[in-house]
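A.B. asks: Sharing a structure, written as structure tokens. Questions coming.
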Amino acid sequence: MSSHTTINELRREASQRFALGPLLMRGCQVALGVGLLAFFAALIADPARAWANWLVGGFYFTIIVLDAFFVLAVSNLTSGAWHVTTKRVFESMQAWIPVGLVVMLVLLGGAGLLYEWTHHHDDRSLHSELLHHKAPWLNLPFFAARIVIYFAIWYFVARAMVRSSRQQDTSSDISHVRNQRKYSAIYLVTLAPTLTLASIDWIMSLDATWFSTMFGVYHFSGGWQASLAMVIVLVAVLRRCGWLRHSVTDNHLHSLGQWLFATTVFWAYIWFFQWMLIWYANIPEETQYFAK
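Rendered as structure tokens:
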């Protein structure tokens with residue numbers, strides 16, 4: 430195949446707009462309906478477990494999206510070229526952020542079953558005293574407000590990154606590249622505190638008396654690994670359906686696989702050292718996390 434033919438194929442592939450086929454769309458709708466029915470059935474049978482599953486699902490997909498944009502931001506700031514052909518797959522995950530906001534706000538309906546700090550404690554036990562000291566942060570109105578704040582920051586910065594990227598399709602103005610780098614820097618600066626606080630709010634506060642200084646980076650590392658795994662699956666499915674066949678090669682998939690392996694090792698490293706430090710210190714307030 431000549432280079433001229435290859436360039437034409439790449440241009441034609443780049444001009445195509447992806448759309449779900451009717452069969453795949455119907456399958457997604459059926460899966461969504463079955464999932465909602467299963468959730469409502471679980472609410473009747475075991476409400477606490479149903480809301481716990483809702484929390485895990487919402488947090489899991491949210492953290493995948495956040496770490497997917499982390500990969501984009503780092504690549505933009507380092508002038509990386511390896512991700513260019515899969516860039517739109519990463520960017521497409523932005524569509525989850527408004528959905529994630531709705532999912533986490535719906536979670537407020539089951540907060541009383543999940544979070545002990547939502548209850549009023551009138552006794553003077555040490556346990557209640559600890560919850561009382563954390564009440565300025567762990568209270569339902571402020572908890573709900575922080576959900577909105579987190580998602581607003583993620584949405585507007587991610588949207589700005591995607592908008593600057595899409596503008597490159599119609600203009601070769603170098604300012605679009607500068608804007609991507611600017612918004613990528615903003616994203617990285619805001620991601621660290623917001624992701625850490627979100628993981629503390631939504632997951633660690635399930636047991637409000639326990640704490641770990643590595644909890645934020647632990648969830649970040651898991652989300653980084655999961656986001657790359659998600660992209661690999663999406664790219665493989667798209668190629669099988671006839672998309673990205675000329676722009677994404679086996680070398681690109683190999684690079685993504687190498688990244689997945691590296692992030693798996695990083696996640697295992699973080700998990701082990703969180704456990705090791707808690708085991709070594711042997712502080713009752715920390716060891717209860719693994720003892721339960």
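With positions in the sequence shown counted from 1, the corresponding number in the working numbering is that position plus 429.
From the three backbone atoms N, C-alpha and C, an ideal C-beta is built for every residue, glycine too.
From a predicted model like this one, the values you see are computed outputs, not experimental measurements.
#1: Cutting at 7 Å between CB atoms, please list the residues of its own chain near LEU484, excluding the five before and the five after it.
#2: Are three or more beta carbon pairs between the stretch 586-596 and the stretch 609-619 nearer than 8 Å?
#3: Using a Cβ-Cβ cut-off of 8 Å (strictly less than) and excluding sequence neighbours within five positions of LEU560, which residues of its own chain qualify?
#4: Assign THR642 to one of two classes, buried (16 or more other C-beta atoms within 10 Å of its C-beta) or exposed (fewer than that).
#5: Tell me the residue span of the alpha helix (DSSP H) that contains ALA614.
#6: Flag this pair as yes or no: are the beta carbons of ILE493 and MET705 separated by less than 8 Å?
#7: How do the stretch 511-526 and the stretch 673-682 stand: do at least 3 beta-carbon pairs fall below 8 Å, yes or no?
#8: With 8 Å set as the bound, which would you pick, yes or no: does the beta-carbon of THR623 sit closer than that to a beta-carbon of chain B?
#9: For HIS420, name the three-state secondary structure that DSSP assigns.
#10: Would you kindly report the start and end of the unbroken alpha helix (DSSP H) that includes ASP679?
#11: Starting from the Cα of PHE580, find the closest Cα among LEU620, PRO565, SER600 and ALA479 and give me that residue.
#12: Return yes when the Cβ of ILE576 is within less than 8 Å of the Cβ of LEU534, no when it is not.
#13: If distances are taken between C-alpha atoms only, which option among SER557, HIS648, LEU689 and ALA540 comes closest to PRO476?
#14: Among ILE699, PHE640 and GLY651, which one has its Cα closest to the Cα of ILE712?
#15: Exposed or buried, what is PHE701 when buried is set at 16 or more other beta-carbons lying within 10 Å of its beta-carbon?
#16: Just verifying my parser: in three-state terms, what is the DSSP assignment at ASN482?
C.D. replies: Looking at the coordinates:
#1: Residue mapping note: residue 484 aligns to position 55 of the sequence shown, counting from 1. Correct list, in chain order: LEU536, LEU543 and TRP631.
#2: yes
#3: By 1-based counting over the sequence shown, the position of residue 560 is 131. Excluding sequence neighbours, LEU560 sits near GLU545, TRP546, HIS550, LEU567, ALA637 and THR638.
#4: As a working note, residue 642 is residue 213 in the sequence shown. Flag for THR642 reads exposed.
#5: Taking the sequence shown and counting its residues from 1, the one referred to as residue 614 is at position 185. From DSSP, the alpha helix (DSSP H) with ALA614 extends over 604-631.
#6: What you label residue 493 is simply residue 64 of the sequence shown in a count that begins at 1. What you label residue 705 is simply residue 276 of the sequence shown in a count that begins at 1. No, the pair does not count as a contact, with Cβ atoms beyond the cut-off.
#7: yes
#8: Structure shown: chain B not included; a single protein chain is present.
#9: The requested residue 420 is not part of the displayed model; the chain covers only 430 to 721.
#10: Translated into the one-based positions of the sequence shown, residue 679 becomes position 250. ASP679 -> alpha helix (DSSP H) spans 679-710.
#11: Stepping through the sequence shown from its first residue, residue 580 is reached at position 151. Closest option to PHE580, Cα to Cα, is LEU620.
#12: Stepping through the sequence shown from its first residue, residue 534 is reached at position 105. Stepping through the sequence shown from its first residue, residue 576 is reached at position 147. Contact: yes.
#13: Here residue 476 refers to the residue found at position 47 of the sequence shown. Measuring from the Cα of PRO476, the nearest candidate turns out to be ALA540.
#14: As a working mapping, residue 712 is identified with position 283 in the sequence shown. With distances taken between Cα atoms, ILE712 lies closest to PHE640.
#15: On the sequence shown, position 272 is the one that residue 701 refers to. Answer is exposed; the Cβ neighbour count stays below 16.
#16: Within the sequence shown, the letter at position 53 stands for residue 482. Three-state result, ASN482: helix.
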